[in-house]
Amino acid sequence: MKKIFTLSTVVVFLGVLATTAYASHTWGNYHWARTSTPFVLKLGDKVSGVWDSHLATSSAEWNASTVLETVIVPSLAADPRTCKPSLGRVEVCNTKYGKTGWLGIASIWATGEHITQGTVKLNDTYFATATYNTPAWRNLVMCQEIAHTFGLGHQDEIFNNANLGTCMDYTNDPSGALYGQLSNEYPNTHDYVQLETIYTHLDTITTLGSKLLGLPARKGSVREDIDTTNSSEWGREIKRSSDGKSSLHERELGNGTKVFTFVIWAE
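In structure tokens:
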């Protein structure tokens, strides 16, 4: 459970954290290849009505960035349970995935350093419970998982310290109201600056759209239809948060392609 802070303690502690938070919160050099900036990234809407406003809010908040624009479009995924990826875009899905232990996952496919497709899955098995069935928790997880598909990592992975005021910060108090601190429901200035750093250059190819224009042709098959709802298919753990749980996995798919899976666990 998150510690109780007085307002003065929070202010002082936030000042300390400002100097210790991740200066760079990418998860590598991974980015969408594009030939112009800002670029448009499609978010396929395969979420139910209870999630629609949170998807719209997250899209609008990230669109404050100067380098990208997200556009919500009809999903190409036939079934939210499988939520199959589509080249050049991100599919966003929700359903009751069962007692998997995770609240949400973001899976990102990359060839070399270029992101080619992504999926976000939101687990209603936990969001139907009293703990997580709140606007703040829905905003936090939606905002964070979508951002992973841009190339952003977490600013902080400690649950029981003061909020940094960004959805890229782990917390037990996403609204900030419980302990009188900052809300972690939306991006902050550092997130936008980090996006500018990631996308400061232009590429000569693009991975946005239904074809990978300019990338070398793949020889042989690349398994892209893995079941990311199943943790046994995430591959090796490459990062762990302060609570001792994995936060990022990597799986080799062959022919220069990998899939990365970010996970935020339920308590």
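Under the working numbering, the first residue of the sequence shown is numbered 1, with each subsequent residue one higher. Every residue, glycine too, gets a C-beta built ideally from N, C-alpha and C. Small disclaimer: the values here were computed from a predicted structure and weren't measured.
| Check | Outcome |
| --- | --- |
| At the level of alpha carbons, what is the spacing between P85 and A77? | 7 Å |
| Got a sec, what are the start and stop residues for the alpha helix (DSSP H) F127 sits in? | 124-127 |
| Closest by CA to C93, which one among G101, D79, T100, K99? | D79 |
| Where does D169 fall in DSSP's three states? | strand |
| Does H114 come out as helix, strand or coil in the three-state DSSP assignment? | strand |
| Quick one: Cα of T37 to Cα of I198, how far? | 12 Å |
| Considering just the uninterrupted stretch of the alpha helix (DSSP H) at C143, what are its terminal residues? | 135-148 |
| According to DSSP, simplified to helix, strand and coil, what is W27? | coil |
| Have a look at N163 and D124 and give me their C-alpha separation to the nearest angstrom. | 25 Å |
| In the DSSP assignment, find the unbroken alpha helix (DSSP H) run with V259 in it and report its ends. | It is not in any alpha helix (DSSP H) - V259 instead sits in the beta strand (DSSP E) that spans 257-265. |
| Indicate the three-state DSSP secondary structure (helix, strand or coil) for S58 in the structure shown. | helix |
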